[in-house]
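All remarks here apply to the structure that follows.
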Amino acid sequence: MQIWQIQSTDGAGQLRQASASSPACGPEDIRVAVRSVGINRADLLQMRGLYPAPPGAPADIPGLEYAGEIVETGARVRARQVGDRVMGLVAGGAYATELVVHELDTLPVPANLGWAEAAAFPEAYLTAYRALFLEGGIQPGQWALIRAATSVVGIAGLQLLRTFGSFSVGSSRHQERLDQLGADMPDVPLVDAGDNLPEAVRTATDGGADVALDMLGGEALAQGLEALRDEGCLVLIGLLQGRKVQLDTARLLFRRLTIRAMTMRTLPLGRRLQLMSVARERLLPHLARGTLNPRVAASHDFSRAPEAIAAMQQGEHVGKIVLTVG
1 MQIWQIQSTD GAGQLRQASA SSPACGPEDI RVAVRSVGIN RADLLQMRGL
51 YPAPPGAPAD IPGLEYAGEI VETGARVRAR QVGDRVMGLV AGGAYATELV
101 VHELDTLPVP ANLGWAEAAA FPEAYLTAYR ALFLEGGIQP GQWALIRAAT
151 SVVGIAGLQL LRTFGSFSVG SSRHQERLDQ LGADMPDVPL VDAGDNLPEA
201 VRTATDGGAD VALDMLGGEA LAQGLEALRD EGCLVLIGLL QGRKVQLDTA
251 RLLFRRLTIR AMTMRTLPLG RRLQLMSVAR ERLLPHLARG TLNPRVAASH
301 DFSRAPEAIA AMQQGEHVGK IVLTVG
């Protein structure tokens, strides 16, 4: 099989294409011929040595999500068969033309989705759903704040909130990026100038958001907390603006606020299988109906992965950048 391999993690973040042996297929595993791979910012961080793969995942092959066709099943596999179209998450190694995964660590690809759209679904939508609904506990009729609303996780969150009857305040630093959201526009779009955000959110929501989805960290975390109503919850999923912040913990205490933090990559298999089960029940029907609509910004051939990485680094896209195989 073909892979893209990290040459060094000294900050240069260079990839080289190489041949590798196909992984063995265990009794409960399936072998997937990969047709498309979603590119994520985590891939760039891993290439720079800033986000190492967890134990058991390939340290030198990036990639967290894929879509493809099953070409082999293990002896005890019952839920999947050769020829099925599947998509899913891995802790690393998706920049490859073959993957071996547990049969239940996959989602069936609805007939209305192409390979690129399927690869654009797992990481963004499962992250947003877990953060907003499972960790944050958002309920119908409540308000959620999404910073970086034009990111792929932000767009997924906006679609999920609308699908399940909650309201959204979505912010971006650039009005022109908000304008590109079209049908995915939040209920209240805001141009984010930082310090002005908490007051604007409290005004728009008559008291503050019930849940804030924060992929920025740093000072943005403090601003997100101030944008919550009493007893609100902030869910931290990223650190794009920094790892450290100064907080007035008395404000947390007296307003009974909650901070939860989560990553997808380090979830143990058992937890990930539970999440996949929830996604099959709660998300796939809406994906099949088109209510959830993964947005693909650009598709690059697998052989041109460095070009796709360069496009991701420029950060001018709205939607997922994917690699396609064949």
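Here the sequence shown stands for residues 1 to 326, numbered as in the UniProt record's numbering. Every residue, glycine too, gets a C-beta built ideally from N, C-alpha and C.
Going by beta carbons, R229 and A209 fall inside the 8 Å limit. In the structure shown, the three-state DSSP call for R256 is coil. Looking at the backbone, the Cα of L45 and that of Y51 are separated by about 5 Å.
In the three-state scheme derived from DSSP, where H, G and I count as helix and E and B as strand, G88 is classed as strand.
For S19, there is no enclosing alpha helix (DSSP H); the residue is found in the beta strand (DSSP E) stretching over 15-19. According to the DSSP assignment, R289 belongs to no beta strand (DSSP E) but to the alpha helix (DSSP H) extending over 284-289. Beta-carbon to beta-carbon, L239 and R130 are separated by about 18 Å, too far to satisfy the 8 Å threshold. Looking at the DSSP output, Q5 sits in a beta bridge with R16. DSSP places G232 within a strand segment (E or B) once states are collapsed to three. E65 sits away from R31, with the two beta carbons spaced by 8 Å or more.
For secondary structure counted as the alpha helix (DSSP H) over 4 or more consecutive residues, the stretch 52-128 holds these complete runs in sequence order: 115-119.
Contact between the stretch 166-175 and the stretch 243-257 is absent: fewer than three C-beta pairs spanning the two stretches fall below 8 Å. Going by DSSP, R31 is part of the beta strand (DSSP E) stretching over 29-38. Listed as beta-bridge partners of P189 by DSSP are G170.
For I155, the three-state secondary structure derived from DSSP is helix. Judged by beta-carbon spacing, D29 lies within the 8 Å limit of V101, meaning their Cβ atoms are closer than that value. Taking G217 as the centre and dropping the five residues before and after it, the same chain places the C-beta of L236, G238, L239, L240, Q241, G242, R243, V245 closer than 8 Å to its C-beta, in chain order.
With a cutoff of 8 Å on beta-carbon distance, I146 and G136 are scored as not near each other.
Going by DSSP, D214 is part of the beta strand (DSSP E) stretching over 209-214.
In the same chain as C25, and ignoring 5 residues on each side of it, the C-beta atoms closer than 8 Å to its own belong to R31, E72, T73, G74, V100, in chain order. For A297, there is no enclosing alpha helix (DSSP H); the enclosing beta strand (DSSP E) covers residues 296-301.
The three-state reading of DSSP puts I146 in strand, counting E and B together. For T263, no alpha helix (DSSP H) segment is defined, and its DSSP state is neither H nor E.
Within 10 angstroms of the beta-carbon of N40 lie 16 or more other beta-carbons, which makes it buried.
The beta carbon of A116 sits closer than 7 Å to the beta carbons of S36, V296, S299, V322, T324 from its chain, once the five residues preceding and following it are set aside; these are given in chain order. By the Cβ criterion, the stretch 248-266 is not in contact with the stretch 280-291, since fewer than three pairs of Cβ atoms, one from each stretch, lie closer than 8 Å.
The alpha-carbon of E123 is positioned some 17 Å away from that of A96.
With respect to the 8 Å criterion, A120 and G170 are not classified as neighbours on the basis of their beta carbons.
In this structure, the beta-carbon distance from L284 to D105 does not fall below 8 Å.
Taken through DSSP and simplified to helix, strand or coil, T249 comes out as helix. Counted as a single uninterrupted DSSP element, the stretch harbouring L132 is not any beta strand (DSSP E), since DSSP gives it neither H nor E.
Annotation for V322: no alpha helix (DSSP H) segment contains it, though the beta strand (DSSP E) segment containing it runs 320-324. Shown here for R80: same chain residues with a beta carbon closer than 8 Å to its own, the five before and five after excluded, namely I30, I70, T73, V86, E103, T106 in chain order. A Cβ-Cβ distance of about 14 Å is found for the pair P186 and A227, leaving them out of contact under the 8 Å criterion. Straight through space, the alpha carbons of Q142 and R255 are spaced by roughly 18 Å.
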